[in-house]
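Residue numbers (the working numbering): 28 to 213. Positions of the beta carbon are idealized from the N, C-alpha and C atoms, including for glycine. Fair warning: this is a prediction, and the values are worked out from it, not measured in the lab. Everything on this sheet refers to the single structure shown next.
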């Protein structure tokens, strides 16, 4: 895949759109773009095969914004990350169909998980402008997710509310794993 990133970056450099000294940035950007595209494509195929396109939309609406700002565990190699991430999505879809829980309890659990995400991302001594911006964005997305939870509670079936709750649980678990990994390094 590195050849693909290099080819795309070479094309931009030849067209005069990018400077040679910016090559590493653009190669990394293409790498992230292609990796996310492949993951979204695989999840979409899984959702289509399992008749779970609504659940896929809920998963992405919840997962992308929060995970972007809350962070979480990352594998070093995409060849490990992709199958693991797709399997995790498949497990969420499967569990959403078998978990039976009172809807009010689902919503309370979801709000509790949102609180854990908020609390887990308060870091001391990181007051750079970027860090402050990220914290504000995360707070905004967490507040929006409270609204999303209420809407799903009122208008959607249990399976969709399960996906909402399980996606938040996935983000919490991922954050805990990342914090544990960071703690073990220190």
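Simplified DSSP state of residue i, which is helix, strand or coil
i: residue 192; result: helix
i: residue 201; result: helix
i: residue 28; result: coil
i: residue 184; result: coil
i: residue 169; result: helix
i: residue 174; result: helix
i: residue 67; result: helix
i: residue 56; result: helix
i: residue 163; result: helix
i: residue 77; result: coil
Nearest neighbour of residue i, chosen from the options [CA to CA]
i: residue 142; options: 84, 114, 173 and 90; result: 173
i: residue 86; options: 186, 48, 57 and 41; result: 186
i: residue 30; options: 46, 44, 42 and 53; result: 53
i: residue 182; options: 144, 167, 130 and 136; result: 130
i: residue 121; options: 171, 64, 194 and 88; result: 194
i: residue 196; options: 168, 175 and 140; result: 140
i: residue 32; options: 178, 102, 55 and 47; result: 55
i: residue 66; options: 37, 36 and 111; result: 111
i: residue 91; options: 165, 158, 145 and 46; result: 165
Beta-carbon separation (whole angstroms), residue i vs residue j, contact threshold 8 Å
i: residue 133; j: residue 192; result: 5 Å
i: residue 176; j: residue 116; result: Contact flag wrong, Cβ pair sits at about 20 Å.
Next item on the list: Entirely within the stretch 79 to 158 and at least 4 residues each: give me those alpha helix (DSSP H) ranges in chain order.
Entry: Entirely contained in the stretch 79 to 158, the alpha helix (DSSP H) runs reaching 4 residues are, in chain order, 80 to 97, 105 to 125 and 130 to 147.
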